[in-house]
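J.: I have a structure here, written as structure tokens, and I will follow up with some questions on it.
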Amino acid sequence: MAHFTANKMELNLIKVYDTTLLSSSKVYQINGTLSRYLGDEGSIQHPQYLFVPLPNQRKKVSFRLNRNKLMTRCYEVEGMVYQKPVVQDNSQQLQLF
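Numbering-wise (the numbering used here), the sequence shown opens with residue 100 and increments by one.
Here it is in structure tokens:
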């Protein structure tokens, strides 16, 4: 299960203007869905930015945004951080058998 934390109860949204500042550890709100950034693909002229919704969001599948859609729809959620789930050594060994 993924963990994400917010310092404040209300969401402070920061408009994303610079694609080089996208981070997989930050949480973004895109069209009302809390998501995390996976990376980019495509050409330099036509990059695509990949996102995946966080658990318990209405939207379930990963999606891509081009630069124009990213600039108009993507907001960083201030103070909210995505942390990868921690797998314990015992549970890894159980999964192998």
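Think of the CB as a built atom: it goes at the ideal place given N, C-alpha and C, for glycine as much as any other residue.
In its own chain, which residues sit with a C-beta less than 7 Å from the C-beta of residue 149, not counting the 5 before and 5 after it?
T.: Here the set comprises 137, 138, 139, 140, 161 and 163.
J.: Identify the continuous alpha helix (DSSP H) that holds residue 110 and give its terminal residues.
T.: Premise fails: residue 110 is in no alpha helix (DSSP H) and is neither H nor E.
J.: Do residue 129 and residue 177 have their C-beta atoms closer together than 8 Å?
T.: No, they are not a contact pair.
J.: For residue 132, which option in 143, 124 and 156 has the closest C-alpha, if you only look at C-alpha atoms?
T.: Out of 143, 124 and 156, 156 has the C-alpha closest to the C-alpha of residue 132.
J.: Pull the bridge partners of residue 163 from the DSSP assignment, please.
T.: In DSSP, residue 163 forms a bridge with 149.
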